[in-house]
Structures are given as C-alpha cells and as structure tokens.
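Taking this note's numbering, the leading residue of the sequence shown gets 134, the next gets one more, and so forth.
C-beta: ideal position from N, C-alpha, C; glycine also.
Worksheet: one structure, shown below.
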Amino acid sequence: PQPQTAEHLAAIEIVQLENVFILQNKVDLVLPAVAHAHFEDIKSFTQDTVAEHAPVIPISGALQYNIDVVSEYLCCRIPVPVRDFTSDPRMMIIRSFDVNKPGHEVADLRGGVAGGSILQGVLRGGQEVE
C-alpha cells in the first residue's frame, strides 16, 4: 500500500471510526492477477486493525468502474450521523497542508488547508477559524 494508506489507517484508528470501507483504485491500469495481489496486500496490511473486516471495493475513478457500488454502500451501509447544527463549530482535523512556499515572509503567509470532519456546528464561506 501507498504511504498515505498508513496515514489514513492511523487516522481512523485515532478517531475510532466504526464504519470503514476501502477503495482499491486504478484497477483498470493493472492485470487482474496484479489487482488480486494488491487486494491480498490490503487485507494483510489491515489485519489486526480497525479496518480488518472492512470491505475492499475495487474501483476505477477514471472509468467510473464500481462507482455505483461505492454510492450504494454509502447510502445503504453507512448510517447517517445525527448532526448538531446549532452549537459552535468543532472540527476534528486529521491532515493539514501548507499552501505557502518556503521562505515567505510572515506578512506574506496565506494560511493552509485543513482536512477532517466537522463534528458539530456549521462553517460558512469566509468565516475565520482558529
């Protein structure tokens, strides 16, 4: 698996996600035997983790292969969480990206990008967050 796969797995372990499924992307670019070997690698990699029993769905984003299966899985197998839209926003950040080039002066810093899930509340465009 790719390095970001280990990062994603660590993140879901930390936040203790209960509903996990794995997308095996770009299966259109390899022979079926190679795709099957990758599948086995994924199952081995996730053994003894929160994702051990997660289904692995082979997909091709470029060809839209099995995207309907992913949509059906999301709609039928993943429960919709109860949302709290009235409380102050709270977000679980699992990744961040710096959009500034190295060497920028402090006055020229533009910020960054945070990735994760909004746990409660609502964020609006242009809203300043800490």
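task: Going by DSSP, name the residue or residues bridged to residue 198.
output: 193
Note to self: With three or more C-beta pairs closer than 8 Å as the rule, is the stretch 206 to 222 touching the stretch 172 to 187?
What the structure shows: Too few Cβ pairs lie closer than 8 Å, so no.
Buried or exposed: where does residue 239 fall if 16 or more other Cβ atoms within 10 Å of its Cβ makes it buried? exposed
**Asked** Between which two residues does the alpha helix (DSSP H) containing residue 137 stretch?
**Response** 136 to 147
Supposed contact pair residue 190 and residue 157 - C-beta distance, whole angstroms, cut 8 Å: About 7 Å separates the two Cβ atoms, so the contact holds.
_Under DSSP, the beta strand (DSSP E) around residue 155 begins and ends at which residues?_
155 to 157
Whole angstroms are fine: how far does the CA of residue 211 sit from the CA of residue 173? 24 Å
Q. Could you give the distance in angstroms between the alpha-carbon of residue 220 and the alpha-carbon of residue 257?
A. 14 Å
Residue 247: which of 135, 263, 198, 206 sits nearest, CA to CA?
263
- prompt: What's the gap between the Cα of residue 147 and the Cα of residue 140?
  reply: 11 Å
Nearest neighbour of residue 253, chosen from 233, 259, 225 [CA to CA]
225
task: Could you have a look at residue 210 and say whether DSSP puts it in helix, strand or coil?
output: helix
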